[in-house]
Amino acid sequence: MSGAHHYNPDDPPVLEVEDLSVDIKVPAGTLHAVNKVSFSVRPGETLSLVGESGCGKSITSLAIMRLLPKAARLSASKIIFDGQDLAALSEKQMARLRGNRIGMIFQDPMTSLNPVYRIGDQLEEIYLRHKGGGRREARERAEYLLEKIGIINPTQRLTQFPHQLSGGLRQRMMIAMMLMCDPKLIIADEPTTALDVTVQVQILQLLRSLQEEFRMALILITHNLGVVARMADHVAVMYAGQVVEKGSSADVFRHPTHPYTRGLLECIPHPGQSATRNKLGSIPGIVPSLVGRIDGCTFRNRCNYAFGDCATAQVGLRDVEDGHSYRCLLPPETFAAGKLEKA
Amino acid sequence: MTDATQTAADAKRRDSASDFDTLAPSPRELMRRRACSHWGLIIGLSIIAIFLLVAIFAGVLAPHDPYAQTLSHRLADPVWGPKGSWNHILGTDALGRDVLSRLMYGARLSLYISFTAALIAAVIGVSLGIAGGYFGGKIDSLVVYIINVKLALPVFLVALSIAAITGGTVTVMILLLGFLTWDRYAIVTRSLTQQMRDQDFIMSSLAAGSSHMRIIFRDILPNLMNHIIVIVSLDMAVIILIEAALSFLGLGIRPPTPSWGLMISEARAMMFFKPHLIMVPGIAIFILVMAINMAGDGIRDVTAPEGRG
Numbered sequence: 004m005s006g007a008h009h010y011n012p013d014d015p016p017v018l019e020v021e022d023l024s025v026d027i028k029v030p031a032g033t034l035h036a037v038n039k040v041s042f043s044v045r046p047g048e049t050l051s052l053v054g055e056s057g058c059g060k061s062i063t064s065l066a067i068m069r070l071l072p073k074a075a076r077l078s079a080s081k082i083i084f085d086g087q088d089l090a091a092l093s094e095k096q097m098a099r100l101r102g103n104r105i106g107m108i109f110q111d112p113m114t115s116l117n118p119v120y121r122i123g124d125q126l127e128e129i130y131l132r133h134k135g136g137g138r139r140e141a142r143e144r145a146e147y148l149l150e151k152i153g154i155i156n157p158t159q160r161l162t163q164f165p166h167q168l169s170g171g172l173r174q175r176m177m178i179a180m181m182l183m184c185d186p187k188l189i190i191a192d193e194p195t196t197a198l199d200v201t202v203q204v205q206i207l208q209l210l211r212s213l214q215e216e217f218r219m220a221l222i223l224i225t226h227n228l229g230v231v232a233r234m235a236d237h238v239a240v241m242y243a244g245q246v247v248e249k250g251s252s253a254d255v256f257r258h259p260t261h262p263y264t265r266g267l268l269e270c271i272p273h274p275g276q277s278a279t280r281n282k283l284g285s286i287p288g289i290v291p292s293l294v295g296r297i298d299g300c301t302f303r304n305r306c307n308y309a310f311g312d313c314a315t316a317q318v319g320l321r322d323v324e325d326g327h328s329y330r331c332l333l334p335p336e337t338f339a340a341g342k343l344e345k346a
Numbered sequence: 023m024t025d026a027t028q029t030a031a032d033a034k035r036r037d038s039a040s041d042f043d044t045l046a047p048s049p050r051e052l053m054r055r056r057a058c059s060h061w062g063l064i065i066g067l068s069i070i071a072i073f074l075l076v077a078i079f080a081g082v083l084a085p086h087d088p089y090a091q092t093l094s095h096r097l098a099d100p101v102w103g104p105k106g107s108w109n110h111i112l113g114t115d116a117l118g119r120d121v122l123s124r125l126m127y128g129a130r131l132s133l134y135i136s137f138t139a140a141l142i143a144a145v146i147g148v149s150l151g152i153a154g155g156y157f158g159g160k161i162d163s164l165v166v167y168i169i170n171v172k173l174a175l176p177v178f179l180v181a182l183s184i185a186a187i188t189g190g191t192v193t194v195m196i197l198l199l200g201f202l203t204w205d206r207y208a209i210v211t212r213s214l215t216q217q218m219r220d221q222d223f224i225m226s227s228l229a230a231g232s233s234h235m236r237i238i239f240r241d242i243l244p245n246l247m248n249h250i251i252v253i254v255s256l257d258m259a260v261i262i263l264i265e266a267a268l269s270f271l272g273l274g275i276r277p278p279t280p281s282w283g284l285m286i287s288e289a290r291a292m293m294f295f296k297p298h299l300i301m302v303p304g305i306a307i308f309i310l311v312m313a314i315n316m317a318g319d320g321i322r323d324v325t326a327p328e329g330r331g
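In the order they appear, the protein sequences are chains A and B. Quick note, the numbering used here runs 3 ahead of the 1-based positions in the first sequence. Quick note, the numbering used here runs 22 ahead of the 1-based positions in the second sequence.
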């Protein structure tokens with residue numbers, strides 16, 4: 004579980020998102036990729052968006068950055084970043100925020116650095132573009148950050164090309180690049196998925212310590228619940244474009260309430276604990292098509308508890324306890340331990 | 023182990039690790055190594071360099087004025103012929119002009135026309151290709167349409183008719199050939215840009231606040247450069263051939279300008295009596311075109327065996 008809070012719950016949020024929806028025009032109709040998602044992050048806080056592939060977590064992050072593909076339409080009642088309404092900014096104003104006050108780290112460090120430029124040039128460029136100043140100033144900042152992220156020989160590293168570095172080093176460089184302008188918010192989209200396990204831990208620890216030091220808000224997008232447990236203060240579990248459960252990571256991990264969250268937690272192998280005869284949990288079925296009108300609960304076709312109303316009723320988020328809510332028609336007691344083996 | 027020795031050992035291990043991966047040669051170094059063992063590239067580039075030097079210093083190197091007619095010395099044998107002399111190493115043509123000098127000035131013309139025309143074609147083709155590949159949608163449809171129209175044009179027929187109407191000045195030739203050979207650039211850069219557009223570094227550049235123009239010029243264009251250089255070389259070879267052919271047909275460069283195609287054309291009448299008058303410029307065209315192709319292939323082999331990623 005995540006350790007002590009590194010953020011002050013009374014701080015005003017850096018990013019506040021309310022009812023964010025993304026619709027994508029496809030030949031068959033309109034695909035509701037993200038459906039009324041709301042969340043907020045404070046300085047120093049880590050929010051994790053969790054869910055399986057295609058649940059809309061990456062689209063959500065692209066929507067915040069306003070980098071959605073052309074066919075996608077964004078709507079939200081609120082996307083406030085640091086007092087500014089992101090949805091109302093012009094493309095030019097938005098470009099000034101990107102990489103400057105909001106940083107984004109992508110999944111595959113092997114391809115997210117431009118192969119024809121030296122690392123140093125890429126780091127300096129982003130600084131020069133947003134902060135101005137001289138090349139020497141930018142170079143000093145780059146060297147300072149590389150030392151900060153534990154790179155032994157910064158001056159020399161900066162003269163190398165991306166392909167001369169290992170995956171872990173490249174991801175460190177991406178992180179350094181995003182820190183060049185001292186952003187308030189970092190969005191990390193599966194930052195460790197392409198790395199091997201030992202490097203994953205290092206990168207996560209690095210992100211965590213940098214976040215504390217620079218008091219950045221972090222939105223961590225992942226499908227890996229181990230990563231969430233290690234990193235997140237708050238969790239929003241997404242399924243089929245909706246947040247199905249959200250709360251502090253302690254609450255969500257201790258009392259997972261939505262059947263989907265419980266299913267996800269059962270899918271984690273516990274080495275040594277489970278005997279070979281204990282099968283690893285799985286959630287049967289596939290994610291429903293999100294094209295066209297969506298009625299009722301999106302999880303009903305895979306849910307052990309589904310009943311008649313699930314297909315028709317409006318299912319909203321409701322509280323389990325303070326600050327912990329879930330999207331299901333059944334009361335939380337239904338899922339109390341031991342009853343799970345129903346169906 | 024005490025803490026101090028532990029950290030010392032750690033530091034040493036990390037240092038040796040960093041030594042280890044700095045052993046990997048830089049891409050430029052790798053390319054240099056590949057280039058040095060690529061005979062096609064070396065030979066091609068050397069021949070081009072020789073032609074280039076001759077073209078640049080034609081004024082100094084040429085033994086005679088390429089336009090000066092000495093009717094008393096017309097149709098002189100080359101130095102290896104029965105009545106050859108070192109005064110006219112490659113002999114003289116029907117008007118008594120020194121063939122070697124005309125050949126040298128002709129190299130200047132061929133290289134000048136082919137290079138500038140290839141550059142014009144590159145600018146047109148690459149702009150269209152990147153625009154279509156990067157923006158997609160309607161812009162791409164338009165680009166594809168323009169490319170198709172261009173591909174449907176019979177190059178030679180159009181070149182012949184326009185050259186015939188406007189008269190063959192060097193400028194007309196350059197513009198004509200530039201506007202008639204850009205399709206290859208457009209097709210190649212369009213598909214490469216399409217592949218590149220979906221790569222993460224474009225998205226991360228966008229996420230770092232780059233504008234589309236910046237991405238095109240700073241991220242995409244440098245990654246296309248290797249391919250563009252290869253196409254320029256192939257295109258230059260094609261242009262040299264078309265220019266020679268047009269001049270040969272009397273629709274390209276006008277006499278008395280020394281052009282290789284024109285030299286062949288003018289020597290037609292003497293073909294059976296002084297075959298060297300046709301063979302010498304013919305061989306020059308052959309060697310230069312072959313050298314450019316060898317160099318182009320070489321550049322491709324050297325720069326793009328594994329991409330630069």
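Beta carbons: idealized from backbone N, C-alpha and C, even for Gly.
Listing by chain order, which chain B residues have their CB less than 8 Å from the CB of residue i?
i, result
"residue 98 of chain A", "231, 232 and 233"
"residue 111 of chain A", "222"
So, is residue i buried or exposed, given that buried needs 16 or more other C-beta atoms within 10 angstroms?
i, result
"residue 58 of chain B", "exposed"
"residue 250 of chain A", "buried"
"residue 115 of chain A", "buried"
"residue 148 of chain B", "buried"
"residue 126 of chain B", "buried"
"residue 252 of chain B", "buried"
"residue 262 of chain A", "buried"
"residue 187 of chain B", "exposed"
"residue 242 of chain A", "buried"
"residue 39 of chain B", "In this predicted model, residue 39 of chain B has a pLDDT of only 46, less than 50, meaning its place in the structure is not dependable enough to derive any value."
Hey, does residue i have any beta-carbon neighbour from chain A nearer than 9 Å?
i, result
"residue 241 of chain B", "yes"
"residue 221 of chain B", "yes"
"residue 329 of chain B", "Confidence at residue 329 of chain B is low in this model, with a pLDDT of 44, below 50, so its placement is unreliable and the value that follows should be read with caution. Interface residue, yes."
"residue 53 of chain B", "no"
"residue 40 of chain B", "Unreliable placement is indicated for residue 40 of chain B, whose pLDDT of 47 sits below 50; the coordinate value is still reported in the next sentence. So yes, residue 40 of chain B belongs to the interface."
"residue 292 of chain B", "no"
"residue 247 of chain B", "yes"
Check each candidate in the options and name the one with the smallest Cα separation from residue i.
i, options, result
"residue 106 of chain A", "B:230, B:304 and B:296", "B:230"
"residue 80 of chain A", "A:284, A:70 and A:91", "A:91"
"residue 51 of chain A", "A:236, A:29, A:310 and A:268", "A:236"
"residue 300 of chain B", "B:310, B:312 and B:283", "B:283"
"residue 126 of chain A", "A:137, A:181, A:302 and A:188", "A:181"
"residue 305 of chain B", "B:73, B:187 and B:291", "B:73"
"residue 114 of chain B", "B:228, B:96, B:201 and B:268", "B:96"
"residue 159 of chain A", "A:240, A:170, A:305 and A:121", "A:121"
"residue 64 of chain A", "A:303, A:149 and A:101", "A:101"
"residue 222 of chain A", "A:285, A:44 and A:207", "A:44"
"residue 259 of chain A", "A:331, A:170, A:204 and A:103", "A:331"
"residue 82 of chain B", "B:130, B:227 and B:309", "B:130"
"residue 61 of chain A", "A:333, A:191, A:286 and A:88", "A:191"
"residue 311 of chain A", "A:323, A:321, A:322 and A:298", "A:298"
To which residues does DSSP link residue i through a beta bridge?
i, result
"residue 49 of chain A", "A:221"
"residue 248 of chain A", "A:240 and A:329"
"residue 106 of chain A", "A:189"
"residue 321 of chain A", "A:329"
"residue 82 of chain A", "A:20"
"residue 28 of chain A", "A:33"
"residue 42 of chain A", "A:20"
Using a C-beta cutoff of 9 Å, does residue i count as contacting chain B?
i, result
"residue 133 of chain A", "yes"
"residue 203 of chain A", "no"
"residue 241 of chain A", "no"
"residue 329 of chain A", "no"
"residue 95 of chain A", "yes"
Counting only Cβ pairs nearer than 8 Å, list the residues of chain A close to residue i.
i, result
"residue 159 of chain B", "73"
Which chain B residues sit within Cβ distance under 7 Å of residue i?
i, result
"residue 1 of chain A", "Examination of residue 1 of chain A is not possible in this model, given that chain A is present from 4 through 346 alone."
"residue 68 of chain A", "229"
"residue 102 of chain A", "229, 230 and 231"
"residue 124 of chain A", "Result: empty, since nearest Cβ-Cβ is about 10 Å, beyond 7 Å."
Along chain A, which residues have their Cβ under 7 Å away from the Cβ of residue i?
i, result
"residue 244 of chain B", "119"
Is residue i near the ligand ADP, going by C-beta to nearest heavy atom under 8 Å?
i, result
"residue 104 of chain A", "You won't find the ligand ADP in this model; it holds no ligand whatsoever."
Quick one: list the residues of chain B neighbouring residue i, beta-carbon separation under 9 Å, in chain order.
i, result
"residue 286 of chain A", "Under the 9 Å cutoff, chain B gives no residues; its nearest Cβ is about 29 Å from residue 286 of chain A."
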